[in-house]
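Per our numbering, the sequence shown runs over residues 19 to 191.
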Amino acid sequence: MKLIYNLVIILFVVFLYKEPLKAETYFLDFKFILDESIAGKKANKYLKDQLQEGIKKLKDKEKQLQKEEKEIIQQKKILSAEEYKKKISSLRTKVSTLKKDRNNILDSISKKQKKARNIILGELNPIVKGYMSENKIRIVLDKKSILLGDESLDITKNIMNLLNKKLKKIDLN
Numbered sequence: 019m020k021l022i023y024n025l026v027i028i029l030f031v032v033f034l035y036k037e038p039l040k041a042e043t044y045f046l047d048f049k050f051i052l053d054e055s056i057a058g059k060k061a062n063k064y065l066k067d068q069l070q071e072g073i074k075k076l077k078d079k080e081k082q083l084q085k086e087e088k089e090i091i092q093q094k095k096i097l098s099a100e101e102y103k104k105k106i107s108s109l110r111t112k113v114s115t116l117k118k119d120r121n122n123i124l125d126s127i128s129k130k131q132k133k134a135r136n137i138i139l140g141e142l143n144p145i146v147k148g149y150m151s152e153n154k155i156r157i158v159l160d161k162k163s164i165l166l167g168d169e170s171l172d173i174t175k176n177i178m179n180l181l182n183k184k185l186k187k188i189d190l191n
């Protein structure tokens, strides 16, 4: 225990007297860039529109199924037991198909969102590397990993401007 205590003291003293880091460590907000860059905004709008369109179609199908269910319930006394079971079975199949369609839409939107993110990050990586070499930056951290930091070390807007010049639109089809 005493050995660990002495080691911690020695490391603390070594780091205390070491030359302070020059501004070689910067940070940027990747989430902000993904959401607020020109390509990111267009991709988000496209995905939102696709989701709303899919939800609208699903709601229309759901209303049709509810209407069909009411009709079957009203005809219960008129229909034979076998015919009633066939209609209920058909309705259950349609409900199952509706659930599959809902899952397919959500899965499709999720895949497109992931694709958009990967495209933006793929374009962002060489931009950040170039910026780092031009400005002699050794480390760039994601802002979410930083507890406190001087705002003058935030390079998010600079990087986003460079990304906006390079990437205007993402093809998600």
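Note that CB positions come from ideal geometry on N, CA and C, so glycine has one too.
Counting along the chain, the unbroken alpha helix (DSSP H) around residue 78 starts and ends at 56-92. Residue 116: member of the alpha helix (DSSP H) spanning 99-152, first to last residue. With contacts defined by Cβ atoms closer than 8 Å, residue 158 and residue 50 do not form a contacting pair. Boundaries of the beta strand (DSSP E) around residue 157: 157-160. Taking a contact as a CB-CB distance under 8 Å, the pair residue 57 and residue 186 counts as one, their CB atoms being some 6 Å apart. Of the candidates 177, 120, 59 and 91, 91 places its Cα closest to the Cα of residue 109.
Three or more beta-carbon pairs drawn from the segment 142-153 and the segment 176-186 are found closer than 8 Å, and the two stretches are therefore classed as touching. Residue state for residue 165 is assigned as coil, using DSSP reduced to three classes. In the displayed model, residue 172 falls within a strand according to three-state DSSP.
By the neighbour-count definition (other C-beta atoms within 10 Å, threshold 16), residue 165 is an exposed residue. With respect to the 8 Å criterion, residue 134 and residue 190 are classified as neighbours on the basis of their beta carbons.
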